[in-house]
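The structure appears right after this line, and notes come after that.
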Amino acid sequence: MQSKVLFQKDDHQWVVIGRDPEKDDHVIDTNEYVIIHRGQAMLLDPGGIQIFPQVLAELAKYVRMQDIKVIFASHQDPDICSSLAMWLDMNPAIKTYCSWLWTGFVSHFSTGAVITLTPIPDDGMRIKIGEEGPEVEAVPAHYCHSSGNFSLYDPTAGILFSGDIGGALVPDHHASLVVTDFEQHIQYMRGFHLRWMPSTVALRGWTQRVRAIKPRMICPQHGSIFEGDNVGKLLDWLESLEVGQWKGATPKSETRAAA
């Protein structure tokens, strides 16, 4: 796996871990992020069971296991947090946050460790990084794609973790962790959003909330990171989409009639 420092100012740091060339072909590629403040860490969408060893090894370059204080899960999918029990086995003191809608579901990922979750209300909440760190904000992103879904904004760094929003299915040879050519990158995002995002109304509501925040960087859980002018380009592109439009396969009788 690759890792890269995205932000560093004084004792506040963002690191991304991703692009695993050794993962199985059937496993979707994911990005894991960690916010470190004065040595204490918050892990965002820690990933699935299959990639736990690789994520752990890369994360150990930046922070000790006992200094991971918080885990944030944007929603309930297995690629988001099926490794949760493994993290808690190694550090039971980690405090884990996810939507109240999914606390009973995420608990099914337990493999022996007791998974105690702090529910995030629908309107979001502020979460402290560690014991004395600054607060980050859980931003509502419901139905983008999950019905109980949150992004996470760090005002200290000006970075928004967007979860699946802005995600892309990039080819294996696509090494860059940051978008360099937005128009070229659209081909990797379009199908992902048209199929996974169920609500145009919800998606545009999210873009409005994000425009009010004015992040300087948007970091999705799949694909590449947006910074600079590409932040605005992403929001514009998302607002142009009409999602949730699948109406089923064309009936054979209609196909014959059309022919």
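All letters in the sequence shown, in the order written, are residues 159 to 417 by our numbering. Glycine included, every Cβ here is placed at the ideal spot set by N, Cα and C.
Determine the closest residue to residue 166 out of 176, 196, 281, 223, with distance taken between C-alpha atoms. The residue labelled residue 166 in the question sits at position 8 within the sequence shown. Selected option, being the one with the closest Cα: 196.
Identify whether residue 220 lies in helix, strand or coil by the three-state DSSP scheme. Numbered from 1 along the sequence shown, position 62 holds the residue referred to as residue 220. Three-state result, residue 220: coil.
Pick from 334, 282, 170, 400: whose alpha carbon is nearest that of residue 292? By 1-based counting over the sequence shown, the position of residue 292 is 134. When each option's Cα is compared against that of residue 292, the closest is 170.
Does the distance from the C-beta atom of residue 356 to that of residue 406 stay below 8 Å? Counting from 1 along the sequence shown, the entry for residue 356 is found at position 198. Counting from 1 along the sequence shown, the entry for residue 406 is found at position 248. Result no, Cβ atoms of residue 356 and residue 406 do not sit closer than 8 Å.
Using DSSP bridges, identify the partner residues of residue 401. For the purposes of this step, residue 401 is taken as the residue at position 243 of the sequence shown. Residue 401 is not bridged to any residue.
Do the stretch 315-333 and the stretch 187-204 meet, that is, are 3 or more Cβ pairs less than 8 Å apart? yes
Rounded straight-line distance, which links the Cα of residue 327 to that of residue 345: Counting from 1 along the sequence shown, the entry for residue 345 is found at position 187. Counting from 1 along the sequence shown, the entry for residue 327 is found at position 169. Their Cα atoms are separated by approximately 9 Å.
Have a look at residue 414 and residue 376 and give me their C-alpha separation to the nearest angstrom. For the purposes of this step, residue 414 is taken as the residue at position 256 of the sequence shown. For the purposes of this step, residue 376 is taken as the residue at position 218 of the sequence shown. Interpretation of residue 414 is limited by its pLDDT of 37, a score under 50 that renders its predicted location unreliable; the figure taken from the coordinates is listed afterwards. So the alpha carbons of these two residues sit roughly 46 Å apart.
Meets three-Cβ-pair contact criterion under 8 Å: the stretch 386-405 and the stretch 349-366: yes
Apply the 10 Å Cβ neighbour rule to residue 232 and answer buried if 16 or more other Cβ atoms are within range, or exposed otherwise. Here residue 232 is taken as the residue at index 74 of the sequence shown, counted from 1. Under this definition residue 232 is a buried residue.
My understanding is that residue 175 touches residue 190, with C-beta atoms under 8 Å, so please give their C-beta distance in whole angstroms. The sequence position of residue 175 within the sequence shown is 17, counting from 1. The sequence position of residue 190 within the sequence shown is 32, counting from 1. 4 Å between Cβ atoms; contact.
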